[in-house]
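Chains as they are written, first to last, in the working numbering: chain L, 697 to 880; chain Z, 697 to 880; chain W, 697 to 880; chain X, 697 to 880. Note that CB positions come from ideal geometry on N, CA and C, so glycine has one too. Note that the coordinates shown come from a computational prediction; the quantities given were computed from them, not determined experimentally.
There are 4 protein chains.
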Amino acid sequence: MADMADTTDATGTSPGWLSAGDLEIARAQMPILYVDAVPVRVDDSGEVTAVGLLLRIGPDGTVSRTLVSGRVLYHERVRDALLRHLEKDLGPVALPKVPPSLQPFTIAEYFPTPGVTPFHDPRQHAVSLAYVVPVTGDCRPRQDALDLVWLTPQEAASGSVQSEMPGGQGVLLRQALAHVGCLP
Amino acid sequence: MADMADTTDATGTSPGWLSAGDLEIARAQMPILYVDAVPVRVDDSGEVTAVGLLLRIGPDGTVSRTLVSGRVLYHERVRDALLRHLEKDLGPVALPKVPPSLQPFTIAEYFPTPGVTPFHDPRQHAVSLAYVVPVTGDCRPRQDALDLVWLTPQEAASGSVQSEMPGGQGVLLRQALAHVGCLP
Amino acid sequence: MADMADTTDATGTSPGWLSAGDLEIARAQMPILYVDAVPVRVDDSGEVTAVGLLLRIGPDGTVSRTLVSGRVLYHERVRDALLRHLEKDLGPVALPKVPPSLQPFTIAEYFPTPGVTPFHDPRQHAVSLAYVVPVTGDCRPRQDALDLVWLTPQEAASGSVQSEMPGGQGVLLRQALAHVGCLP
Amino acid sequence: MADMADTTDATGTSPGWLSAGDLEIARAQMPILYVDAVPVRVDDSGEVTAVGLLLRIGPDGTVSRTLVSGRVLYHERVRDALLRHLEKDLGPVALPKVPPSLQPFTIAEYFPTPGVTPFHDPRQHAVSLAYVVPVTGDCRPRQDALDLVWLTPQEAASGSVQSEMPGGQGVLLRQALAHVGCLP
């Protein structure tokens with residue numbers, strides 16, 4: 697799950713949003729709703745030709761590859777949360793095409809305890825709605841993400857890439873590839 | 697959304713669960729994760745033959761028909777939340793068959809403000825994962841639900857039944873009927 | 697199901713395609729694979745704002761509203777069949793966005809015998825993979841379709857429109873609207 | 697794709713079914729509609745605990761592992777085709793639970809030309825609707841299948857098992873495992 701965005705989300709300045717302190721309390725007591733988006737390039741027939749992964753530096757300095765991910769805020773539609781996180785991570789001209797149906801391809805349950813599911817988040821119990829989102833524009837990641845790299849589906853499913861994806865996001869990425877018929 | 701169950705859920709006696717007061721605070725500040733289940737009877741080929749609706753008395757005394765619905769608790773899997781709410785509302789021998797995939801047929805976004813989506817919950821912003829769940833056993837609703845009534849898909853989609861379903865659950869029921877190919 | 701296109705499809709001039717006579721024989725003996733596409737306009741968040749329906753004159757002179765529909769040919773990918781029928785019915789600059797996943801929102805089984813399913817095609821047993829397809833370009837229906845009309849989801853689900861959709865396509869359209877969360 | 701069943705399917709004795717000769721002609725001229733079923737055991741919460749694979753001897757004597765697979769016949773519902781092939785391959789008391797929705801988890805396109813998609817069938821262009829089907833009863837494969845073996849999801853996804861699955865069915869199996877959240 698993307699970490700750094702949360703301090704941006706939870707400024708505490710907007711009414712109805714959580715302060716950093718309140719977020720900590722909530723995280724210890726209830727599941728937090730997230731969205732995960734797998735940005736893809738598609739050809740004219742809709743077939744996926746490339747998958748976009750963010751190269752991030754985590755709080756402990758480790759380099760990791762992540763999907764676009766973040767919380768759904770109070771009184772925010774899932775569609776708007778997807779757009780907000782995609783814009784935050786891919787820039788304002790990525791032109792993401794959020795699908796017309798909100799049916800996710802799967803639900804990823806990130807538990808604070810490892811091993812309950814393939815997904816793990818030491819900070820919280822997060823439940824994430826996962827979508828594949830074609831982007832057609834120019835992607836310019838913001839400064840907190842080092843880079844955005846486009847990989848072929850084959851590269852994205854490789855062991856070396858998978859090993860750089862924390863918290864089980866490599867599993868989620870392969871579920872996305874399976875859903876779009878590109879699991880090598 | 698099912699109301700009365702929440703006081704049962706949030707006893708405050710289990711570590712990591714919300715007290716009633718904390719739940720109120722959280723409800724004002726972040727989306728709450730729910731599950732909605734549409735209990736169905738199916739024939740040998742899997743085709744839906746009947747839909748189960750709960751007849752409830754709401755806080756204000758009005759009679760309403762509802763789906764099986766409730767919160768996902770901290771450190772609870774979505775599957776276990778579904779089972780818990782199905783058992784709570786249908787009794788211990790309903791034998792619900794939770795589907796092997798967690799892909800919901802849709803996401804229902806209940807906003808405290810009417811009109812943002814078809815779904816409305818004055819208490820909170822709830823985001824619900826919606827599933828169709830075949831039940832094969834004997835259903836014995838607990839005392840807080842007046843009755844469980846099995847309707848044909850045609851009856852369930854009728855205007856009179858729809859008008860008795862609060863918060864947009866009539867829309868969700870018709871989405872479920874559409875998903876299983878039984879929208880009349 | 698779209699009728700008139702079939703004589704165009706089955707010219708018999710391409711190797712591996714069926715002649716009109718062979719198609720008649722096959723239609724009497726095995727299910728024919730179709731695709732159905734519901735063309736939609738979406739806003740920036742992906743939400744459906746309008747549904748495109750074709751106004752057609754049937755073989756018997758009756759006016760009817762239909763979805764984009766047609767056969768999948770031998771050695772043709774489902775994606776390419778979708779693109780071909782969308783281009784045939786909406787013109788070359790409609791810019792349809794076929795979804796990255798081939799998972800259809802439903803399967804429509806058109807039986808020659810009425811009443812087996814909600815779908816009926818007197819000519820054949822057709823099994824259709826049904827998709828919602830956003831189109832972003834300019835739609836210019838070919839001459840064999842009278843017109844393309846964009847309706848709001850509410851208008852599309854209305855009784856008057858439903859009554860003009862033959863073979864159960866009104867049911868399929870409402871299933872599509874349910875899938876995208878726009879069933880009124 | 698399951699081969700040997702077709703001579704059983706196509707006896708030519710039932711009106712509307714294809715004779716073996718007609719089937720050959722149709723196979724050269726149009727896509728043939730199939731269903732693929734992944735039989736699974738699930739626990740009380742619906743989570744997949746085991747996957748059933750058939751051990752078959754192919755026409756050329758090679759041993760292979762396959763899913764339950766076969767044609768949809770003229771005037772046969774997809775549900776009934778699933779039940780027929782499951783009973784044929786797993787025996788009459790397997791008690792398969794065909795899902796209430798016909799939405800498949802994916803579409804597998806088997807082309808006679810290798811490389812168009814991950815799926816290949818030298819005999820024909822087959823398009824298959826793929827489902828995960830829990831079975832709760834006793835499975836007794838018929839004589840033409842050597843054996844039915846239950847594997848854990850981890851075993852089923854292993855390279856050795858995958859290499860024994862012809863025509864791309866290993867890919868389809870992993871897509872099924874991804875769909876049910878059991879892709880290791």
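Please report the straight-line C-alpha distance between residue i and residue j, rounded to a whole angstrom.
i              : j              : result
L825 (chain X) : G717 (chain Z) : 49 Å
V828 (chain Z) : H875 (chain Z) : 9 Å
G863 (chain L) : L786 (chain X) : 38 Å
T704 (chain L) : P755 (chain L) : Since pLDDT at T704 (chain L) reaches only 37, below the 50 mark, its modelled position is unreliable, and the value read off the structure follows with that caveat. Their Cα atoms are separated by approximately 15 Å.
V823 (chain X) : A804 (chain X) : 6 Å
L751 (chain X) : L868 (chain X) : 16 Å
V854 (chain X) : G866 (chain W) : It is Ser, not Val, that sits at residue 854 (chain X) in the sequence shown. About 45 Å.
S797 (chain Z) : G877 (chain X) : 7 Å
P880 (chain Z) : V774 (chain X) : 20 Å
R761 (chain Z) : I753 (chain Z) : 9 Å
R767 (chain L) : T802 (chain W) : 30 Å
A733 (chain Z) : V857 (chain Z) : 17 Å
L791 (chain Z) : L763 (chain Z) : 17 Å
A852 (chain Z) : S859 (chain X) : 48 Å
V845 (chain L) : T745 (chain L) : 13 Å
Q725 (chain L) : K793 (chain X) : 37 Å
Y806 (chain X) : L842 (chain Z) : 52 Å
V812 (chain W) : L719 (chain W) : 23 Å
L873 (chain X) : L873 (chain Z) : 26 Å
Which residues does DSSP list as the beta-bridge partners of residue i?
i              : result
T802 (chain W) : W:A826
P818 (chain X) : None, per the DSSP bridge assignment.
L749 (chain W) : W:V845
P735 (chain L) : L:V829
I728 (chain W) : W:A822
T762 (chain Z) : Z:L750
V744 (chain X) : X:V738
Taking the alpha-carbon of residue i as reference, which of the options has the nearest alpha-carbon?
i              : options                        : result
T832 (chain Z) : Z:F815, Z:E805, Z:V789         : Z:V789
M861 (chain Z) : Z:V744, Z:V812, Z:T758, Z:E743 : Z:T758
V731 (chain Z) : Z:Q725, Z:V845, Z:G811, Z:L779 : Z:L779
P849 (chain Z) : Z:P795, Z:L769, Z:E743, Z:R723 : Z:E743
L847 (chain X) : X:C835, X:P837, X:L749         : X:L749
H771 (chain L) : Z:V845, Z:R838, Z:P810         : Z:P810
F815 (chain L) : L:Q871, L:Q725, L:L719         : L:Q871
L782 (chain L) : L:L769, L:L719, L:T813, L:C835 : L:C835
L769 (chain L) : L:T813, L:S715, L:V812, L:Y806 : L:S715
Return the Cβ separation of residue i and residue j in integer angstroms, given the expectation that the two are a contact with Cβ distance under 8 Å.
i              : j              : result
Q820 (chain L) : I728 (chain L) : 5 Å
D776 (chain W) : S741 (chain L) : 6 Å
V747 (chain L) : V736 (chain L) : 6 Å
D817 (chain L) : P830 (chain L) : With 8 Å as the limit, D817 (chain L) and P830 (chain L) do not qualify as a contact, their Cβ atoms being about 27 Å apart.
K784 (chain Z) : R723 (chain Z) : Not a contact, Cβ separation roughly 20 Å.
P892 (chain L) : Q799 (chain Z) : Since the first and last residues shown for chain L are 697 and 880, residue 892 (chain L) lies out of range.
Comparing the CB of residue i with every heavy atom of the ligand HEM, is any distance shorter than 7 Å?
i              : result
L873 (chain X) : Only the bare structure without any ligand can be found here, which leaves the ligand HEM out of the picture.
Go through the stretch 850–879 of chain W residue by residue and report every complete run of the alpha helix (DSSP H) that reaches 4 residues or more, in order.
Entirely contained in the stretch 850–879 of chain W, the alpha helix (DSSP H) runs reaching 4 residues are, in chain order, 855–859, 865–875.
Inside the stretch 766–796 of chain L only - beta strand (DSSP E) runs reaching at least 3 residues:
Taking only runs of at least 3 residues, no beta strand (DSSP E) segment lies wholly in the stretch 766–796 of chain L.
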